[in-house]
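A.B. asks: I'd like to ask some things about the structure below.
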Amino acid sequence: MAAKMEDIVSLCKRRGFIWQGSDVYGGMAGTWDFGPLGVALKRKIMDAWWDYWVDSREDMYGVDAAIIMNPRTWQASGHTATFADPLVECGACHGRFRADKIADGISESVTTEEFKALNVKCPTCGKTEWGDIRKFNMMFQTHVGPVDDDSSIAYLRPETAQGIFTNYKNVVDTIYPDLPFGLAQQGKAFRNEISPRDFILRDRECSQMEIEYFVAPETWEENFEKLLKEQHEFLTEVMGLDESKIHNLEVAEADRAHYSKRTVDIMFDYPNGQEELMGLAYRTDFDLANIQRESGKNMEYIVKGGGARFVPHVIEPSIGVERLLLAVLTCAYRQEENRIVLALPENLAPYRFCVSPLLKNKPELVEKAREVYAMLRKKYQNVAWDDSGNIGKRYLKQDEIGTPKCIVIDFDTLEDGTVTVRDRDTTEQIRVKPEEL
Ligand code: GAP
5 MAAKMEDIVS LCKRRGFIWQ GSDVYGGMAG TWDFGPLGVA LKRKIMDAWW
55 DYWVDSREDM YGVDAAIIMN PRTWQASGHT ATFADPLVEC GACHGRFRAD
105 KIADGISESV TTEEFKALNV KCPTCGKTEW GDIRKFNMMF QTHVGPVDDD
155 SSIAYLRPET AQGIFTNYKN VVDTIYPDLP FGLAQQGKAF RNEISPRDFI
205 LRDRECSQME IEYFVAPETW EENFEKLLKE QHEFLTEVMG LDESKIHNLE
255 VAEADRAHYS KRTVDIMFDY PNGQEELMGL AYRTDFDLAN IQRESGKNME
305 YIVKGGGARF VPHVIEPSIG VERLLLAVLT CAYRQEENRI VLALPENLAP
355 YRFCVSPLLK NKPELVEKAR EVYAMLRKKY QNVAWDDSGN IGKRYLKQDE
405 IGTPKCIVID FDTLEDGTVT VRDRDTTEQI RVKPEEL
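The sequence shown runs 5 to 441 under our numbering.
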């Protein structure tokens, strides 16, 4: 049976993957806290991304920039002026909504007249007494230092991308990579979303994994196609997503971000419907040219050997960790007749093995199980120990958290040295020597 959002949310809560942020105080909308299992899954997704895009490639390098940046960053990038969503208020109940999200077929650039003509009903009270649409800037403001006035205003970054662009020159001046090359970054981004929703899909605090891929201007199209193909390979082969749930959407000009000349959104069939999983945008030289103008520093790249000099153009693959994690959970969740299974790919499962003694009140079994546990932990680190309840309950629990193999030490182990290995997906059991695991 296909996964329903409420089932995934319930499993995440029950098993310690994800809880509402500040749960104990009644929550904080648009924020989520990751528990022991969730953080393990999140870290594995982020590490697999880094491994695939940075460590195993010759043309990619990493950076890790500060979250609070000089506010001139956001002037130059256009975020101060244009990083805004269409906000509309219901005149009857005063609920505030993102206009393009409360009915199908409304674009982000919808005007008040177009919106009112559609006769959309307020999702809260059902009335149609809408005020004018106004642009709501989504950047979170803060003050830096002890003085609380206009001169100290700063922002929490709404995208990690600008921390890459502002370090482009540092990278070229220090390691001078050949063009094309990419700079990758993972980290938190903050958006004061009007309506956070769909569990971890639209958050006010999220984690992004972004690459700015710098290319010679005339080569942008071939690099765009190549990166698009590679994104699909990463999503299906490394993240284990079903190909059939992934769709490319060519974004129309009116809906593209202010910096983009071409964007393909990679959409995913989430339990509540199709939503953007990630974007691939051709940002031209928009960012580097703006930084060059605002900072007065030259952003040109000089092709090695005294070649041409130009401001590189940029292709940007950008993905949110939470959206990717939700896609992974959507594909992995299976409700079977007697059990729930999280069939996570082995490289992403929080625990690779779970080791148990058949009975916890038999010291000889516990001792042998501890030996096997210690041996596996040396090799794999992420190995669970479980001696709670009976063996059936342990299997059900490990199925739900996605542990691919459960290893049980029983009385036969004491006789012939073999252990039971039970497979999560098939529930089949075989006996092997621990050294063969
Ligand atoms: N640097 C480009 C950029 O930030 P974006 O389309 O606004 O582009 C990129 O965001 C990706 O970041 C999205 O495709 C999504 O995966 C993720 N993302 C954006 N806003 C998010 C939010 N409020 N909550 C969770 N993920 C979000």
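Ideal placement from N, C-alpha and C gives every residue a C-beta, glycine not left out.
So, at 8 Å on beta carbons, what are the nonlocal neighbours of Y56 in its own chain, with the 5 sequence-adjacent residues on each side left out?
C.D. replies: Residue mapping note: residue 56 aligns to position 52 of the sequence shown, counting from 1. Cβ within range, chain order: F238, V242.
A.B. asks: When burial is assigned at 16 or more other CB atoms within 10 Å of the CB, is A165 buried or exposed?
C.D. replies: If you number the sequence shown from 1, residue 165 lands on position 161. Burial call: buried.
A.B. asks: Relative to the alpha-carbon of A33, which residue among G244, L205, A258, S392 has its alpha-carbon at the smallest distance?
C.D. replies: If you number the sequence shown from 1, residue 33 lands on position 29. Closest option to A33, Cα to Cα, is L205.
A.B. asks: Are D403 and L362 closer than 8 Å when you measure CB to CB?
C.D. replies: As a first step, residue 403 must be located in the sequence shown, where it is residue number 399. As a first step, residue 362 must be located in the sequence shown, where it is residue number 358. In this structure, L362 does not lie closer than 8 Å to D403 by Cβ.
A.B. asks: Just how far apart, CA to CA, sit N196 and W224?
C.D. replies: Translated into the one-based positions of the sequence shown, residue 196 becomes position 192. Translated into the one-based positions of the sequence shown, residue 224 becomes position 220. Their backbone Cα atoms lie some 32 Å apart in a straight line.
A.B. asks: Is G300 near the ligand GAP - that is, is its Cβ less than 7 Å away from at least one heavy atom of it?
C.D. replies: Stepping through the sequence shown from its first residue, residue 300 is reached at position 296. Checking every heavy atom of the ligand GAP against the Cβ of G300, none is found closer than 7 Å.
A.B. asks: Does the segment 67 to 80 come close enough to the segment 157 to 173 that 3 or more CB-CB pairs lie under 8 Å?
C.D. replies: Flag = yes, the segment 157 to 173 and the segment 67 to 80 touch.
A.B. asks: Under 8 Å: do the segment 418 to 425 and the segment 384 to 392 share three or more Cβ pairs, one atom per stretch?
C.D. replies: No: the two stretches stay apart, fewer than three of their Cβ pairs being nearer than 8 Å.
A.B. asks: On the premise that D89 lies in contact with I198, defined as a C-beta separation below 8 Å, what is that separation, rounded to the nearest angstrom?
C.D. replies: Within the sequence shown, the letter at position 194 stands for residue 198. Within the sequence shown, the letter at position 85 stands for residue 89. Indeed, because the Cβ distance is near 6 Å, the residues count as touching under 8 Å.
A.B. asks: According to DSSP, simplified to helix, strand and coil, what is E254?
C.D. replies: Translated into the one-based positions of the sequence shown, residue 254 becomes position 250. Three-state result, E254: strand.
A.B. asks: Exposed or buried, H251, counting other C-beta atoms within 10 Å across all chains shown (16 or more means buried)?
C.D. replies: Taking the sequence shown and counting its residues from 1, the one referred to as residue 251 is at position 247. Its Cβ having fewer than 16 others within 10 Å, H251 is exposed.
A.B. asks: Return yes when the Cβ of Y29 is within less than 8 Å of the Cβ of V176, no when it is not.
C.D. replies: Position 172 of the sequence shown, counted from the start, is the residue given in the question as residue 176. Position 25 of the sequence shown, counted from the start, is the residue given in the question as residue 29. No.
A.B. asks: Answer yes or no: the CB of L281 versus the heavy atoms of the ligand GAP, is any distance below 7 Å?
C.D. replies: Position 277 of the sequence shown, counted from the start, is the residue given in the question as residue 281. Because some heavy atom of the ligand GAP lies under 7 Å away, the Cβ of L281 counts as near it: yes.
A.B. asks: Consult DSSP for H262 and reduce its assignment to one of helix, strand or coil.
C.D. replies: Here residue 262 refers to the residue found at position 258 when the sequence shown is read from its first residue. Reduced to three states, the DSSP call for H262 is coil.
A.B. asks: Count the other C-beta atoms from every protein chain shown that fall within 10 angstroms of the C-beta of V307, then say buried if there are 16 or more, exposed otherwise.
C.D. replies: Indexing the sequence shown from 1 puts residue 307 at position 303. The residue in question, V307, is exposed, as its Cβ has fewer than 16 Cβ neighbours within 10 Å.
A.B. asks: If distances are taken between C-alpha atoms only, which option among Q145, R100, Q190 comes closest to T132?
C.D. replies: Translated into positions along the sequence shown, residue 132 becomes position 128. Comparing Cα-Cα distances from T132 to each of Q145, R100, Q190, the minimum goes to R100.
A.B. asks: Please list the terminal residues of the continuous beta strand (DSSP E) segment that includes Q296.
C.D. replies: As a working note, residue 296 is residue 292 in the sequence shown. Segment 290 to 299 is the alpha helix (DSSP H) holding Q296; no beta strand (DSSP E) there.
A.B. asks: Hey, is Q278 close to the ligand GAP, as in C-beta under 7 Å from one of its heavy atoms?
C.D. replies: The count along the sequence shown starts at 1 and reaches residue 278 at position 274. For the ligand GAP, not one heavy atom lies less than 7 Å from the Cβ of Q278.
A.B. asks: Please name the residue or residues paired with R102 in a DSSP beta bridge.
C.D. replies: Locating residue 102 in the sequence shown gives position 98, where the first residue counts as 1. Partner(s): L91.
A.B. asks: For D429, count neighbouring C-beta atoms within 10 Å of its own C-beta (all shown protein chains included) and say buried if the count is 16 or more, exposed if not.
C.D. replies: Within the sequence shown, the letter at position 425 stands for residue 429. Answer is exposed; the Cβ neighbour count stays below 16.
A.B. asks: Nearest-angstrom Cα distance between K249 and L328?
C.D. replies: As a working mapping, residue 249 is identified with position 245 in the sequence shown. As a working mapping, residue 328 is identified with position 324 in the sequence shown. Answer to the nearest angstrom: the Cα atoms are 13 Å apart.
A.B. asks: For Y355 and K301, I'd like the C-alpha separation in whole angstroms.
C.D. replies: Here residue 355 refers to the residue found at position 351 of the sequence shown. Here residue 301 refers to the residue found at position 297 of the sequence shown. About 49 Å.
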